[in-house]
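Quick note: the sequence shown uses my numbering, first residue 101, plus one each step.
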Amino acid sequence: MSAGVLFDTPGPATRARHRTYGVLTAVALVALAAWVVWRLNETGQLEYDKWEPFLTPRYIEAIIVDGLLITLQMAFSAVIGALVFGVLFGVGKLSDHRWVRWPCWLVVEFFRAVPVIMLMIFCFYAVFGGVDELSRRTYWSVVMALTLYNGAVLAEVFRAGINAVPRGQAEAAYAIGMRKTQVMTIVLLPQAVKIMIPAIISQMVVALKDTSLGYAIAGLGLTRIAKPIYQQFGNHVPTIIVITAIYVVVNLLLTLLATWVQRKFVGEKKVLDVPMVGEAQSDRTTIP
Numbered sequence: 101m102s103a104g105v106l107f108d109t110p111g112p113a114t115r116a117r118h119r120t121y122g123v124l125t126a127v128a129l130v131a132l133a134a135w136v137v138w139r140l141n142e143t144g145q146l147e148y149d150k151w152e153p154f155l156t157p158r159y160i161e162a163i164i165v166d167g168l169l170i171t172l173q174m175a176f177s178a179v180i181g182a183l184v185f186g187v188l189f190g191v192g193k194l195s196d197h198r199w200v201r202w203p204c205w206l207v208v209e210f211f212r213a214v215p216v217i218m219l220m221i222f223c224f225y226a227v228f229g230g231v232d233e234l235s236r237r238t239y240w241s242v243v244m245a246l247t248l249y250n251g252a253v254l255a256e257v258f259r260a261g262i263n264a265v266p267r268g269q270a271e272a273a274y275a276i277g278m279r280k281t282q283v284m285t286i287v288l289l290p291q292a293v294k295i296m297i298p299a300i301i302s303q304m305v306v307a308l309k310d311t312s313l314g315y316a317i318a319g320l321g322l323t324r325i326a327k328p329i330y331q332q333f334g335n336h337v338p339t340i341i342v343i344t345a346i347y348v349v350v351n352l353l354l355t356l357l358a359t360w361v362q363r364k365f366v367g368e369k370k371v372l373d374v375p376m377v378g379e380a381q382s383d384r385t386t387i388p
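Given below as C-alpha cells:
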C-alpha cells in the first residue's frame, strides 16, 4: 500500500527521469554562472582595483560599523514597534465593539496597501521635516515607515494566530469565569505566539531588506555606505555584489534562527496519513 493518497512512490523510470532533470538543471546553472563570470571579466569588473576597497581594513570597518550595524539597528527598532502595533491592532480587529473593530480594520488595511517607499518619503518630508540633523531625520523616517507597514502585516498575523487556537480553549476559560481580557492575555495570546513565531521572524527578514529603500531619502546603513565607495572607485557592480551578499548572509542567518525557534518552541508534528488512521480504527474495533 502506498504511503500517501495523492502521491505514489516513483518507479525506476520516474527516478531515472528525475535524475536526468536534476543533472540538466545543474549543468544549466553552472553554465549560467560561468557566463556571468565571463561577462564580468570581459567588462573589467573583476579587476583588482575595483575590489580593493573590500580588502582594505578601513573600508571593511566602515561597511560593518556605519553600514551593517546601523541597518540592523533600524530593522530592530522597526520590528519592536511593529510588534506593539501588530498586537494592539490585531487584538482590536477581534473586538466585539464595532467602534473599535472597524477603525482597527481601516488602519491595518491602509498601511498594508501603501508602498513602503511612499511611507518613507512622507515621513521624511511631513512627519520629521523639522528635524535638522539629516541622519536622525532619515533614521526615524525609515523606522516609522517600516513600523507602520510591518505592524499592519503582523496585525493580520496576530489575528490569524489567535483564531488558530482551538475554540475549546476560550470556551473552557469562559466556563470557569474568566473575563474576555483574561482569556485573551492568559489563554489565547500565549498559545498563539508559539504559532506566530516563525511568521514574526520572517517579517524581520522583510524589515531588514526594506531598510535598503531608505536610499530614496538620502539613505542610511548599507545603502548609504555603498554610494561613496562606488563614486570614488567607479566599481558599481562589485559594490552591489558585496552589499547584496551581506544582505543574503544576514537574511539566511535570520531564516536559520526562525527554523530553530520553530523547532524549539512550536515543534514538528508528524503528519497523520491514511494507513495510520486505518490502523487506529482497526485497533479500536478489534474484539478481544
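From the three backbone atoms N, C-alpha and C, an ideal C-beta is built for every residue, glycine too.
Expected contact under 8 Å - CB spacing of residue i and residue j to nearest Å
i	j	result
Phe-258	Val-191	7 Å
Phe-211	Ala-175	Not confirmed; about 18 Å, so no contact.
Ala-245	Val-208	At roughly 16 Å, the Cβ-Cβ gap does not stay under 8 Å, so Ala-245 and Val-208 are not in contact.
Leu-428	Leu-356	Because the chain here runs from 101 to 388, residue 428 falls outside it and cannot be looked at.
Gln-291	Val-265	5 Å
Val-287	Ala-260	Incorrect: roughly 17 Å between the Cβ atoms, too far for contact.
Under the three-state DSSP convention, the category residue i falls into
i	result
Leu-247	This sequence places Thr at residue 247; Leu is not what is there. Three-state result, Thr-247: helix.
Val-197	For the sequence presented, residue 197 should be read as His rather than Val. Three-state result, His-197: coil.
Thr-355	helix
Asp-383	Legend: pLDDT at Asp-383 = 46, less than 50; position of this residue unreliable, value from coordinates given subsequently. Here Asp-383 sits in helix by DSSP.
Asp-166	helix
Arg-158	helix
Ile-276	coil
Asp-232	coil
Asn-141	helix
Pro-153	helix
Contact under 7 Å by Cβ, residue i with residue j
i	j	result
Val-243	Ser-177	yes
Thr-339	Ala-326	yes
Asn-263	Ala-307	no
Phe-222	Val-342	no
Leu-320	Ile-160	no
Ala-255	Gly-186	yes
Lys-193	Asn-335	no
Phe-224	Ser-235	no
Asn-351	Val-305	yes
Cβ-based burial, residue i [other Cβ within 10 Å; buried from 16]
i	result
Pro-112	exposed
Asp-196	exposed
Met-220	buried
Ile-329	buried
beta-carbon residue i near the ligand MN non-hydrogen atom, thresh 6 Å
i	result
Thr-109	With respect to small molecules bound, the structure shown includes none, and the ligand MN cannot be examined in it.
| task | Report yes or no: do three or more beta-carbon pairs, one from the region 289-297 and one from the region 222-237, lie closer than 8 Å? | result | no
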